[in-house]
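In what follows, a structure is listed as C-alpha coordinates, so that the remarks can point back to it.
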Amino acid sequence: MDQGIKLAKAFEELVDFLDRNPELLGLQIEIEEHLKQAGDNPEERLMLLMKLIQEKLNHELLPNFEILQAMLNETCLKIIKNSKVG
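Numbering (the numbering used here), first residue to last: 467 to 552.
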(Lines of atoms letter the chains of each structure in order from A; the text may use other names.)
(Lines give C-alpha, C1' and ligand atoms only; values in the text may rest on other atoms or scores of the structure.)
Protein backbone atom coordinates (compact mmCIF):
# COMPACT_ATOMS: atom_id res chain seq x y z
CA MET A 467 0.00 0.00 0.00
CA ASP A 468 1.28 3.44 -0.95
CA GLN A 469 2.59 5.62 1.90
CA GLY A 470 0.10 8.38 1.08
CA ILE A 471 -2.80 5.93 1.16
CA LYS A 472 -1.60 4.54 4.50
CA LEU A 473 -1.37 8.06 5.91
CA ALA A 474 -4.85 8.96 4.65
CA LYS A 475 -6.28 5.76 6.18
CA ALA A 476 -4.52 6.41 9.50
CA PHE A 477 -5.80 9.99 9.54
CA GLU A 478 -9.33 8.79 8.76
CA GLU A 479 -9.14 6.31 11.65
CA LEU A 480 -7.86 9.04 13.97
CA VAL A 481 -10.69 11.39 12.97
CA ASP A 482 -13.23 8.58 13.48
CA PHE A 483 -11.81 7.93 16.95
CA LEU A 484 -11.88 11.62 17.84
CA ASP A 485 -15.45 11.91 16.52
CA ARG A 486 -16.53 9.07 18.83
CA ASN A 487 -14.88 10.86 21.76
CA PRO A 488 -16.23 14.43 21.77
CA GLU A 489 -14.15 15.32 24.83
CA LEU A 490 -11.17 15.25 22.47
CA LEU A 491 -12.60 17.87 20.08
CA GLY A 492 -9.94 20.40 21.08
CA LEU A 493 -7.22 17.91 20.14
CA GLN A 494 -8.89 17.24 16.80
CA ILE A 495 -9.02 20.96 15.99
CA GLU A 496 -5.38 21.39 17.00
CA ILE A 497 -4.30 18.45 14.83
CA GLU A 498 -6.19 19.77 11.81
CA GLU A 499 -4.63 23.24 12.21
CA HIS A 500 -1.12 21.79 12.39
CA LEU A 501 -1.72 19.52 9.40
CA LYS A 502 -2.76 22.53 7.30
CA GLN A 503 0.62 24.08 8.08
CA ALA A 504 2.48 20.86 7.19
CA GLY A 505 1.18 20.85 3.63
CA ASP A 506 0.94 17.72 1.47
CA ASN A 507 4.21 16.00 2.40
CA PRO A 508 3.13 12.62 3.89
CA GLU A 509 6.32 12.15 5.90
CA GLU A 510 6.10 15.63 7.38
CA ARG A 511 2.42 15.14 8.24
CA LEU A 512 3.10 11.77 9.87
CA MET A 513 5.98 13.19 11.94
CA LEU A 514 3.77 16.08 13.01
CA LEU A 515 0.97 13.73 14.09
CA MET A 516 3.40 11.57 16.06
CA LYS A 517 4.88 14.63 17.77
CA LEU A 518 1.44 16.03 18.71
CA ILE A 519 0.28 12.69 20.10
CA GLN A 520 3.50 12.30 22.10
CA GLU A 521 3.15 15.81 23.55
CA LYS A 522 -0.47 15.20 24.55
CA LEU A 523 0.43 11.89 26.16
CA ASN A 524 3.38 13.29 28.08
CA HIS A 525 1.87 16.60 29.17
CA GLU A 526 -1.83 15.88 29.62
CA LEU A 527 -2.95 12.27 29.53
CA LEU A 528 -0.20 10.61 31.58
CA PRO A 529 -0.19 13.22 34.38
CA ASN A 530 -3.98 12.92 34.62
CA PHE A 531 -3.68 9.16 34.73
CA GLU A 532 -1.13 9.43 37.53
CA ILE A 533 -3.49 11.70 39.50
CA LEU A 534 -6.33 9.21 39.03
CA GLN A 535 -4.06 6.34 40.08
CA ALA A 536 -3.08 8.20 43.27
CA MET A 537 -6.74 8.90 44.05
CA LEU A 538 -7.59 5.24 43.51
CA ASN A 539 -4.76 4.14 45.79
CA GLU A 540 -5.92 6.57 48.48
CA THR A 541 -9.50 5.31 48.21
CA CYS A 542 -8.35 1.69 48.45
CA LEU A 543 -6.33 2.48 51.57
CA LYS A 544 -9.37 4.16 53.16
CA ILE A 545 -11.54 1.16 52.35
CA ILE A 546 -9.00 -1.23 53.84
CA LYS A 547 -8.61 0.95 56.94
CA ASN A 548 -12.38 1.20 57.41
CA SER A 549 -12.87 -2.53 56.93
CA LYS A 550 -10.31 -3.27 59.68
CA VAL A 551 -11.94 -0.80 62.07
CA GLY A 552 -15.47 -2.12 61.50
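Glycine included, each C-beta is placed from N, C-alpha and C at the ideal position. From a predicted model like this one, the values you see are computed outputs, not experimental measurements.
Cβ neighbours of residue 545 within its own chain (closer than 7 Å, five residues either side excluded): none. Straight-line measurement puts the Cα of residue 492 at about 26 Å from the Cα of residue 536. Residue 477 and residue 497 have their alpha carbons spaced roughly 10 Å apart. Per DSSP, the unbroken alpha helix (DSSP H) holding residue 543 starts and ends at 528 to 551. DSSP places residue 507 outside both helix and strand once states are collapsed to three, so it counts as coil.
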